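Enquirer: Residue numbers for the sequence shown follow UniProt numbering, so the first one is 1 and each next one is one higher.
Structure provided below as structure tokens; questions to follow.
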Amino acid sequence: MRVHLPFTRATHSRKGRCLPCGRTLHRVRVPDMRRIHIVKLSRLAQLGAVTAAASLALAGCSSSTGSTTESSPSATSSDVAFTIDPSLAGTITAGGSSAQANAQGAWTTAYNATAKGVTINYDKSQGSGGGVTNFLSGAYDFAGSDSPLNADQTTQSKALCTDGGVNIPVYLDGVAIIFNIPGVTGLKLSGETIAKIFALQITDWSDPAITKDNGTALAAGPITTVARSDGSGTTQNFTNYLAATQSSVWTSPAGKDWPIQGNVSKQKGGSGVVEAVKAGSGTIGYADHSAIGALNSVAIIQNGTAIPFSPEAVTATFTAAAVAASNGVPGDLSKKFDYTKLTAETYPIPLVSYAITCTEFKDTKQAALVKSYLGFVTSTLGQQVAAKNAGSAPLPESVLADAEKTLEAIK
């Protein structure tokens, strides 16, 4: 495979021809690497860092058959750039949300292309609940959580952080309803039907409500629901949706712990849910979309239209329905969703995941590490890295700009 370098005056003619090989390039755009500000790099290190960043973001001109692949949009004046100091050294200890796991892996690889002396340990096995617990105990520099700190947790965080912990959005995705039904690859379900299935009110795939949603009957067979056994932000987001939109059916409160007892297969972690659905027959569960692998997911009927998951549909949901829900700590960026604003173009079960941290650390060197890493994560390029490697939706530039302001306060 021949790889063509990103557009620069040194490598491309004004007419868009790759000088090393002579191939004409058609409207291929890549992020403007000049917006990546790297401090005190040698010439060799600078070239290596830019090359690594460019390969992780959607590289613009490559070809094995002569076809051209459209890349991510070029940088604009609204992009949030990042600064990495390659002299930084130390260890960041964090963990929590399994939904962030793929993105965290990609962010770490990209960040370490420049900051080679920084070790980032992110433990996804804890889930959002465990991540918050460990952060509040002082064991983590930041927690990954698919829901922000609640009022009690915010109060507890003041023992660790002078003003209290701040919730910074870092990851936007959706909760996928996954299923494994022999012979079925496409499934449409309304919010009401989903609520009844997970409330154990619908227990067979031949139920008339499922037939109505799909326009055809499915073969009879028992339904096995699969849910999280641990405290989970994914559970929080799913039950937020059920409680807000299907209150006549879903009478349990929204929360991190799965409230339904009975014929439920409970599994630890998002990967546990995915594996149980995959291994079963007639199974249905929920997980962050980036974690579902080859499993099929439900197209959720919203305002008469079946909406499959897509980054574009999740972005539309955020734009239409996300509202500020600050915990009162300066710089906090918590969000909540107004589900009454969902439309036929929005994916109904969005998931915003956060980095929860302090703005004042006891150790200024540790503060610098966390500030730098999260600064990359919440940059335009950091969001593109997550989108490419985890299938997430980049957060809006306005949110990234707000995150930049919050991170500036870390000391």
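Think of the CB as a built atom: it goes at the ideal place given N, C-alpha and C, for glycine as much as any other residue.
Just so you know, these numbers come straight off a predicted model, no measurement behind them.
#1: Going along the chain, which residues of its own chain have a beta-carbon closer than 6 Å to the beta-carbon of residue 329, five neighbours each way excluded?
#2: Here's the rule: buried if 16 or more other CB atoms are within 10 angstroms of the residue's CB, otherwise exposed. What is residue 407?
#3: List in chain order: all unbroken alpha helix (DSSP H) runs of 4+ residues lying wholly within the region 233 to 307.
#4: Residue 190 bridges to which residues according to DSSP?
#5: Please determine, among 239, 185, 219 and 245, the residue with the shortest C-alpha to C-alpha distance to residue 191.
#6: Under the three-state reduction of DSSP, which class applies to residue 224: helix, strand or coil?
#7: Determine the DSSP secondary structure at residue 229, reduced to helix, strand or coil.
#8: When you compare only the Cα positions, how much space is there between residue 362 and residue 105?
#9: So, with DSSP's three-state summary, where would you put residue 158?
#10: Whole angstroms are fine: how far does the CA of residue 88 sit from the CA of residue 280?
#11: Relative to the alpha-carbon of residue 394, which residue among 338, 267 and 316 has its alpha-carbon at the smallest distance?
#12: Quick one: any contact between the region 226 to 238 and the region 246 to 258, if contact means 3 or more CB pairs under 8 Å?
#13: Given a threshold of 16 other Cβ atoms within 10 Å of its Cβ, counted over all protein chains shown, does residue 216 qualify as buried or as exposed?
#14: For residue 89, list the residues DSSP reports as bridge partners.
#15: Between the Cα of residue 382 and those of 109, 90 and 341, spot the shortest distance and give me the residue it belongs to.
#16: Is the distance from the Cβ of residue 146 to the Cβ of residue 93 below 7 Å?
#17: Below 8 Å on the Cβ atoms is my guess for residue 321 versus residue 341; work out the distance and round it to an integer in Å.
#18: Does the distance from the C-beta atom of residue 323 to that of residue 238 stay below 7 Å?
#19: State buried or exposed for residue 183, treating a residue as buried only when at least 16 other CB atoms are found within 10 Å of its CB.
#20: Sorted by chain position, which residues of the same chain lie with C-beta nearer than 7 Å to residue 10's C-beta, five sequence neighbours on each side aside?
#21: Express the C-alpha separation of residue 356 and residue 327 in angstroms, rounding to a whole number.
#22: Mark residue 338 as exposed unless 16 or more other C-beta atoms lie within 10 angstroms of its C-beta, in which case mark it buried.
#23: If I measure Cβ to Cβ from residue 124 and keep anything under 6 Å in the same chain, skipping five residues before and after, which residues do I get?
#24: Among 103, 265 and 305, which residue has its Cα nearest to the Cα of residue 200?
#25: Roughly how many whole angstroms lie between the Cα atoms of residue 160 and residue 143?
#26: Quick check on the DSSP output: the alpha helix (DSSP H) that includes residue 179 runs from which residue to which?
#27: Using the Cβ count rule (16 or more neighbours within 10 Å means buried), how would you classify residue 137?
#28: Can you give the beta carbon distance from residue 84 to residue 119, rounded, assuming they're within the 8 Å contact cut?
Expert: This is what the structure gives:
#1: Non-local beta-carbon contacts of residue 329 in its own chain, meaning distances under 6 Å to residues more than five positions away in sequence, involve 163, 164 and 166 in chain order.
#2: Around the Cβ of residue 407, a 10 Å sphere holds 16 or more other Cβ atoms; the residue is buried.
#3: Restricting attention to alpha helix (DSSP H) runs no shorter than 4 residues, the region 233 to 307 encloses them at 233 to 245 and 269 to 279, ordered along the chain.
#4: DSSP output for residue 190 lists 301 as bridge partner(s).
#5: Closest by alpha carbon: 245.
#6: Strand.
#7: The DSSP-derived three-state label of residue 229 is coil.
#8: Going by the C-alpha atoms only, they are around 27 Å apart.
#9: Coil.
#10: Taking the straight line from one Cα to the other gives about 47 Å.
#11: Distances from the alpha-carbon of residue 394 to those of 338, 267 and 316 put 316 closest.
#12: Proximity of the region 226 to 238 to the region 246 to 258 meets the contact definition, three or more beta-carbon pairs being nearer than 8 Å.
#13: Counting Cβ neighbours within 10 Å, residue 216 comes out exposed, since fewer than 16 surround it.
#14: According to DSSP, which records beta bridges pairwise, residue 89 is partnered with 117.
#15: Nearest neighbour of residue 382 by Cα position, chosen from 109, 90 and 341, turns out to be 109.
#16: The Cβ atoms of residue 146 and residue 93 do not sit closer than 7 Å to each other.
#17: With a Cβ gap of about 4 Å, residue 321 and residue 341 count as contacting.
#18: Contact check for residue 323 against residue 238 fails: the beta carbons are separated by 7 Å or more.
#19: In summary, residue 183 is exposed, with fewer than 16 beta-carbon neighbours lying within 10 Å of its beta-carbon over all protein chains present.
#20: Below a pLDDT of 50, predicted positions are generally treated as unreliable, and residue 10, at 37, falls in that range; the measurement from the model is reported next regardless. None.
#21: When rounded, the distance between both Cα atoms is 12 Å.
#22: That one is exposed.
#23: The answer, listed in chain order, is 98 and 101.
#24: Selected option, being the one with the closest Cα: 265.
#25: Approximately 13 Å, taken between the alpha carbons.
#26: Taken as a continuous stretch (DSSP letters only), residue 179 belongs to no alpha helix (DSSP H), being part of the beta strand (DSSP E) at 166 to 180.
#27: Residue 137 should be labelled exposed.
#28: About 15 Å separates the two Cβ atoms, so there is no contact after all.
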